[in-house]
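Since the structure comes first, as C-alpha cells, the remarks are kept for the end.
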Amino acid sequence: MSPGKRLPAAQLIGPALFIALWAGASAAGQLDPAAIPAPWTVLRTGVHLWTDGTLPNDILTSLRRAASGFAIGLTAGIVLALAAGLSRVGEALIDGTVQLNRAIPTLGLIPLFILWLGIGETFKVAIIAIVVYIPIYLNTHAALSGIDSRFVELAEVQGLSKLQFVRQIVVPGALPGFFVGLRLGVTGSWLGLVVLEQINATSGLGYMMFQAQNYGQSDVILVGLVVYGVFGLASDSAVRLIERRVLSWRRTLSN
Amino acid sequence: MATHAEQLTLARPAVQLRGLTRSFDGRTVLDALDLDIPAGQFVALLGHSGSGKSTLLRAVAGLDHEVEGSGQLTAPERVSVVFQDSRLLPWRRVLDNVLLGLEGKEAAAKGREALAEVGLKGRERAWPSELSGGEAQRAALARSLVREPELLLADEPFGALDALTRIKMHALLRELWRRHQPSVLLVTHDVDEAVVLADRVLVLEAGRIGVDLVVDHGRPREEYRGVLLEALGVTSDVR
Numbered sequence: 065m066s067p068g069k070r071l072p073a074a075q076l077i078g079p080a081l082f083i084a085l086w087a088g089a090s091a092a093g094q095l096d097p098a099a100i101p102a103p104w105t106v107l108r109t110g111v112h113l114w115t116d117g118t119l120p121n122d123i124l125t126s127l128r129r130a131a132s133g134f135a136i137g138l139t140a141g142i143v144l145a146l147a148a149g150l151s152r153v154g155e156a157l158i159d160g161t162v163q164l165n166r167a168i169p170t171l172g173l174i175p176l177f178i179l180w181l182g183i184g185e186t187f188k189v190a191i192i193a194i195v196v197y198i199p200i201y202l203n204t205h206a207a208l209s210g211i212d213s214r215f216v217e218l219a220e221v222q223g224l225s226k227l228q229f230v231r232q233i234v235v236p237g238a239l240p241g242f243f244v245g246l247r248l249g250v251t252g253s254w255l256g257l258v259v260l261e262q263i264n265a266t267s268g269l270g271y272m273m274f275q276a277q278n279y280g281q282s283d284v285i286l287v288g289l290v291v292y293g294v295f296g297l298a299s300d301s302a303v304r305l306i307e308r309r310v311l312s313w314r315r316t317l318s319n
Numbered sequence: 090m091a092t093h094a095e096q097l098t099l100a101r102p103a104v105q106l107r108g109l110t111r112s113f114d115g116r117t118v119l120d121a122l123d124l125d126i127p128a129g130q131f132v133a134l135l136g137h138s139g140s141g142k143s144t145l146l147r148a149v150a151g152l153d154h155e156v157e158g159s160g161q162l163t164a165p166e167r168v169s170v171v172f173q174d175s176r177l178l179p180w181r182r183v184l185d186n187v188l189l190g191l192e193g194k195e196a197a198a199k200g201r202e203a204l205a206e207v208g209l210k211g212r213e214r215a216w217p218s219e220l221s222g223g224e225a226q227r228a229a230l231a232r233s234l235v236r237e238p239e240l241l242l243a244d245e246p247f248g249a250l251d252a253l254t255r256i257k258m259h260a261l262l263r264e265l266w267r268r269h270q271p272s273v274l275l276v277t278h279d280v281d282e283a284v285v286l287a288d289r290v291l292v293l294e295a296g297r298i299g300v301d302l303v304v305d306h307g308r309p310r311e312e313y314r315g316v317l318l319e320a321l322g323v324t325s326d327v328r
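In C-alpha cells, the structure reads:
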C-alpha cells in the first residue's frame, strides 16, 4: 500500500521543474516581460540591488523588526502559558483574556496601535509580538494542561515534589506542543512583517516592493518575494532542527 | 488517608485495613473491609471487573484523595506501585525513568543494579519507545525495586502482555520477591496467575474479602483453581 521508496531530493523536484518552465517560457517569448520578467532578469536585478546597498539595508531593517517582535512574542507566550498552565489563579486571569485577544484579528489592531504608539518602529514590533505570542501561548498552554493524568499519579507514587513534577514531567511533556506553537509563531512573524511594511514604512523589504509596484518594476517585487521565501524557509528549517535535537526521544516514534 | 499505627509490635502486619469503606456516587464499592497482610507475604487479589480490586489497591497506595470513604488503613513507609501500563516517561531514557524521584550517584548505581536484575543490562540509555511491551514492564519493575519497597502494589501488571512474555514475567516477579522479601499485593483477574504467584489468594465479593485461601505450592494447582473459579461464579458446566 505504501507509495514506495522516497525519490532522492524529492522536495526540490517540483520547484526545479517550475523554474525550468518559467525560464523556457521566457526564452520562447511567451511571457510579457513587464508582468513576469525572466528568471535571469530577476537575478540581475537582485545582484544590482545588493551591490548598490539598498537590498542589504532593507533586509537588515526587516530582520531587526522581525527579530525584536519575535523575541518579545516568544517570551510573552512562554511566560503567560506557564503562569496559566501551572496555577489556577493564573489560568483565571490569563486564559480568558488571551482567548479574547485571539478572537480579534491582530492586523485589525493596526489603526489603534498607530494612534497609541505612533508610526515608528514600536508599533510594528508590537504587532509582530502579538502575532507571535498567540500561537505560542495557545499551543503551550494546551500542552501544559493536557499532561496525562496517569503521569500525575506516577509522580505521586514516586514521591516527586511539586517542583520536580513540573521540571521532570510537565515541562518536557509540553515541549512538543510548544514547538508546534513556535513554528506557527515564526511563520506569523513574517506574515505580520509583510503587511506592516507595505502599509506604513519608509524602509524594509515590504517598502521596497511597494515602491516597485508604483514604478511598475515587477522584477524588484519578485526579488523581494524570493528574499521573503528564503527567510521563511531558513527560519522554519532552523526551528525544525532545534525541535529534532530537543525532542530526540520522538525520532524513534516517527520513523 | 493512611493513619499510622500507634504502637509497634513484633507481629505488626505490613498492611492493616479496618472497616475500609469507599464509595463512588453513592455506590459502595468497598464495604467495611478488614484485611491484614503480614510482612513478606505475597497476596493475590481476585475479583470480577468492577468488584473494587483496583479501588482497594489505590486506597492502600494512597492514590484516592478524591474518593469518599472511611475506615482505618496502615501501610508501610516505602510503597512502590506497578501499573498495568509501564508508565515510563517517553522523554527520559530507561535508567532515568528507573531513577525518577531519586537523586545522586549512589541512586544511579542502584538503578543500574535494578536494571541488571530484571534483565535489562545494556539498555540503560535506550528510549522507552525502543522497548518491547515486556521490556517496558521489566523497566517498570526495576523502577519500583530501586526504592527497596516494604510493600509492592501491582495492578494487573501483566494484563497487557502476550502469554509467553507473561510466563517469563511470572518467574521474574517470583524471583525478585524471594530475593527482596517485600509484601506484595497483586491485583489480577487471572486465576492461574494468582495461584502460580501468590502464597495467599483473596477474592473480593460485594465489597469484602469473600474467599481467603492459603496456597501450598506443593499441592496440585487444580484444587485451588476449582475453588477460586467457583467463588468467582464460574461453575463447572460453563468451564
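Protein sequence lines, in the order shown, are assigned to chains A and B.
The opening residue of the first sequence carries number 65 in my numbering; numbering runs sequentially from there.
The opening residue of the second sequence carries number 90 in my numbering; numbering runs sequentially from there.
The C-beta atom is built at its ideal place from N, Cα and C for all residues, glycine as well.
Inter-residue spacing [alpha-carbon to alpha-carbon] between residue i and residue j
i       : j       : result
I183(A) : G93(A)  : 44 Å
A91(B)  : L311(A) : Residue placement at A91(B) is flagged as unreliable, the pLDDT there being 38, under the threshold of 50; a coordinate-derived value is accordingly withheld.
T109(A) : F274(A) : 16 Å
K210(B) : L204(B) : 6 Å
S159(B) : I126(B) : 19 Å
V291(A) : G117(A) : 15 Å
K188(A) : F134(A) : 11 Å
N121(A) : P101(A) : 24 Å
T320(A) : A89(A)  : Because chain A is modelled from 65 through 319, residue 320(A) falls outside the range shown and cannot be assessed.
Q105(B) : A295(B) : 20 Å
R111(B) : R308(A) : 47 Å
V235(A) : L208(A) : 7 Å
A276(A) : I158(A) : 43 Å
A156(A) : E319(B) : 55 Å
R70(A)  : V287(A) : 32 Å
A197(B) : L191(B) : 8 Å
Y201(A) : F229(A) : 21 Å
H93(B)  : P102(B) : With a pLDDT of 42 at H93(B), under the threshold of 50, the predicted position of this residue should be treated as unreliable, though the coordinate-derived value follows. Distance between the alpha carbons of H93(B) and P102(B): 12 Å.
M107(B) : R314(B) : The residue asked about is misnamed: residue 107(B) is Arg in this sequence, not Met. Using only the alpha carbons, I get a separation of about 28 Å.
L242(B) : R212(B) : 25 Å
S126(A) : L257(A) : 7 Å
A252(B) : P238(B) : 27 Å
Q96(B)  : F215(A) : Because Q96(B) sits at a pLDDT of 40, beneath the cut-off of 50, its placement in the model cannot be relied upon, and the following sentence gives the value as read from the coordinates. In a straight line, the C-alpha of Q96(B) is about 35 Å away from that of F215(A).
L99(B)  : E224(B) : With a pLDDT of 45 at L99(B), under the threshold of 50, the modelled position of this residue cannot be trusted, and the question is left open.
Boundaries of the alpha helix (DSSP H) in which residue i is found, first to last residue
i       : result
E311(B) : 310-320
D244(B) : Here D244(B) belongs to no alpha helix (DSSP H); instead the beta strand (DSSP E) covers 240-244.
E185(A) : 185-209
T125(A) : 118-150
L181(A) : 174-181
A99(A)  : Neither: A99(A) is in no alpha helix (DSSP H) and is coded neither H nor E.
I77(A)  : 74-91
W180(B) : Looking at the DSSP string, W180(B) is not in any alpha helix (DSSP H), and its letter there is neither H nor E.
G110(A) : 103-115
A219(A) : 213-221
K226(A) : 226-229
Contact under 9 Å by Cβ, residue i with residue j
i       : j       : result
G208(B) : A249(B) : no
L162(B) : V170(B) : no
P246(B) : L275(B) : yes
V273(B) : V132(B) : yes
Q270(B) : G115(B) : no
L119(B) : R289(B) : no
V259(A) : G245(A) : no
G237(A) : W266(B) : no
T105(A) : D283(A) : yes
A219(A) : S132(A) : no
V285(B) : L317(B) : no
L122(B) : Q232(A) : no
R310(B) : D244(B) : no
E261(A) : L152(B) : no
I191(A) : I168(A) : no
G200(B) : V235(B) : yes
I83(A)  : P67(A)  : no
V221(A) : V168(B) : yes
Chain E contact for residue i (CB, 9 Å cutoff)
i       : result
W180(A) : Protein chains A and B are contained in the structure displayed, whereas chain E is not.
Practice task
Return the chain-ordered ranges of every beta strand (DSSP E) run that is complete within the segment 261-303 of chain B and spans a minimum of 3 residues.
Solution key: Counting only runs of 3 or more, we get 272-276, 289-294, 297-303.
Exercise for the section: Run through the segment 238-318 of chain A for me and flag every whole alpha helix (DSSP H) of 4 or more residues, listed as ranges in chain order. Expected result: Taking only runs of at least 4 residues, the alpha helix (DSSP H) segments lying wholly in the segment 238-318 of chain A are 269-278, 282-310, 312-318.
Handout entry: Contained beta strand (DSSP E) runs [length at least 3] in the segment 108-177 of chain B, N- to C-terminal order
Key = Correct list: 116-126, 131-135, 157-163, 168-171.
Problem - At least 3 beta-carbon pairs within less than 8 Å: the segment 186-203 of chain A vs the segment 136-151 of chain A - result: Enough Cβ pairs lie closer than 8 Å, so yes.
Practice task
Count the C-beta pairs between the segment 276-295 of chain B and the segment 134-141 of chain B that are closer than 8 Å, then say yes if the count reaches three, no if not.
Solution key: The segment 276-295 of chain B, when compared against the segment 134-141 of chain B, does touch it at the 8 Å Cβ threshold.
Practice task
Pair every Cβ in the segment 283-300 of chain A with every Cβ in the segment 243-260 of chain A, then say whether three or more of these pairs are closer than 8 Å.
Solution key: Cβ pair count under 8 Å is three or more, so yes.
Exercise for the section: Report yes or no: do three or more beta-carbon pairs, one from the segment 229-243 of chain B and one from the segment 186-199 of chain B, lie closer than 8 Å? Expected result: Remark: three or more beta-carbon pairs, one from each stretch, lie closer than 8 Å, so the segment 229-243 of chain B and the segment 186-199 of chain B are flagged as touching.
Problem - Three-pair Cβ contact test at 8 Å for the segment 140-150 of chain A versus the segment 203-219 of chain A - result: Result yes; three or more Cβ-Cβ pairs closer than 8 Å.
Exercise for the section: Entirely within the segment 198-262 of chain B and at least 3 residues each: give me those beta strand (DSSP E) ranges in chain order. Expected result: List check, beta strand (DSSP E) in window: 240-244.
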